[in-house]
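Engineer: In the working numbering, the protein residues as written are 666 to 1040.
All C-beta atoms in this analysis are idealised placements derived from N, C-alpha and C, irrespective of residue type, glycine included.
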Ligand code: NAD
Ligand code: AHE
Ligand code: ZN
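#1: Under a Cβ-count criterion, where at least 16 other Cβ atoms within 10 Å of its own Cβ denotes burial, should residue 778 be classed as buried or exposed?
#2: Please list, in chain order, all residues of the same chain as residue 715 whose beta carbon is under 7 Å from its beta carbon, the five residues on each side excluded.
#3: Using three-state DSSP, classify residue 771 as helix, strand or coil.
#4: Out of 809, 794, 880 and 983, state which residue places its alpha-carbon closest to the alpha-carbon of residue 918.
#5: When you get a sec, list the residues whose CB is within less than 5 Å of any heavy atom of the ligand ZN, chain order please.
#6: Could you compute how far the alpha carbon of residue 976 sits from the alpha carbon of residue 800?
#7: Measuring CB atoms only, is the stretch 973-987 touching the stretch 811-824, in the sense that at least three cross pairs come out at less than 8 Å?
#8: Bridge partners of residue 891, per DSSP?
#9: Tell me whether residue 838, by its Cβ, gets closer than 8 Å to a heavy atom of the ligand NAD.
#10: Does the Cβ-Cβ distance between residue 790 and residue 670 come in under 9 Å?
#11: Is residue 935 near the ligand NAD, in the sense that its beta carbon is under 8 Å from a heavy atom of that ligand?
#12: Name the DSSP bridge partner or partners of residue 735?
#13: Taking its Cβ as the centre, do 16 or more other Cβ atoms sit within 10 Å of residue 978, making it buried, or is it exposed?
#14: Can you name, in chain order, every residue of its own chain whose Cβ lies under 7 Å from the Cβ of residue 948, other than the five neighbours on each side?
#15: Going by C-alpha to C-alpha distance, which of 872, 710 and 980 sits closest to residue 1005?
#16: What beta strand (DSSP E) runs, 3 residues minimum, are completely inside the stretch 830-889?
#17: Closer than 6 Å by C-beta to residue 991: which residues in its own chain qualify, once you throw out the five before and the five after it? Chain order, please.
#18: Name the two residues that bound the continuous alpha helix (DSSP H) containing residue 710.
#19: Could you work out which residue in 862, 667 and 746 is closest to residue 793 when comparing CA atoms only?
#20: Quick one: grab the DSSP three-state call for residue 1008.
#21: My output table needs one value for residue 980: the three-state DSSP class, helix, strand or coil.
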């Protein structure tokens, strides 16, 4: 069938909006009509050419929501008409990782996903007979896409697509990093570096679990008001403190009889490896945990003095907020529908597919929190 898609034709080039061909679902796969898709920094990261797994030409996009239109042989968990959120972290419930209960990083289809193809090694997308790569197993920058059955979460039908698409990445990643990865306890002190589409969700997660002091760090002063909207208690612009950031943050978080500073939990939501180091070193000695959420380009490495770890700080990372998609995503949709978490104010811009490149520009210039393409 013909579908409308934004095609990433090469690194650093604008997406081309065009008609491409999509084959129907094979065994174990589903055809989903995408109704809305968010634009995440990670899409831009791959488009920029920094992603070592980046392949071109490809259909990017991994933050979608839509309706199942057709299912392939053997599909039992969803049927045509079901509302779903595509999962770039699938949940097969059978692989050693799923069965371990220690990680959400299902391995059932990760290898082919990274190669830009479906689990059988072929692509469903093409243009003029030439193959197009899938991306993150989701390819939501198209009004129809094909996904493995294990890579869709069925969600309630009264939830609006143009809001819940954000649960397909940003919301779940931010809130999940707090709840699943860091397991932040009430009364904790936390620092969030980078108050974009992910960082603001970390902040709302911290408020949800009852953190006391929530410091937001961003180089863009406009983010102060945004952070405060979702529970941030203090804001720091590193360019305006007149000194080094880490001692400043440690000083701000001094407490207890010994007046030792440092946060119980810090979160990198920038993808900048220097910021990741600052986040680790702003942790409290003995127990502070720093969670890396940002993704960094090929060849970039993190570093610190081993002393930081010897003295009890912990460096962790998280993908999709540690969430098990088919199990957890429907619950997060319920939290949104019950008013426990906010999504609407973070979706600052909606646009047709034709304007998707403008959506990237808005994110790049710090003008949007989340831009959403509505089909
Ligand atoms: P975004 O562009 O919306 O926000 C980034 C924010 O960081 C902006 O507010 C920017 O001003 C701020 N920033 C940039 N440099 C900074 C610095 N040196 N110090 C402080 N703040 C700085 O991006 P996003 O969509 O929120 O994504 C954030 C990161 O998380 C990206 O690297 C993205 O690829 C990654 N990500 C990871 C996962 C995961 O599962 N681990 C999921 C989604 C996104
Ligand atoms: N391809 C990149 C890695 C990118 C990355 O880490 N992606 C995150 C999700 S970011 C969503 O916005 C992720 O899920 N990682 C786990 C995984 O299996 O990819 C690279 O550096 O090679
Ligand atoms: Zn994302």
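Structural biologist: On the basis of the supplied data:
#1: It is buried - the Cβ of residue 778 has at least 16 other Cβ atoms within 10 Å.
#2: 962 and 963
#3: Look at residue 771 here: in three-state DSSP terms it is coil, with no helix or strand label.
#4: Residue 880 is the option with its Cα nearest to residue 918.
#5: 705, 707 and 834
#6: Distance between the alpha carbons of residue 976 and residue 800 is about 40 Å.
#7: Contact between the stretch 973-987 and the stretch 811-824 is absent, because fewer than three Cβ pairs lie under 8 Å.
#8: Its beta-bridge partners do not exist; DSSP assigns none.
#9: yes
#10: yes
#11: yes
#12: 696
#13: buried
#14: 927, 928, 931, 954, 955 and 978
#15: 872
#16: Counting only runs of 3 or more, we get 854-858 and 878-882.
#17: 756 and 818
#18: Looking at the DSSP string, the run of the alpha helix (DSSP H) that includes residue 710 is 706-713.
#19: 667
#20: coil
#21: Three-state DSSP puts residue 980 in a strand.
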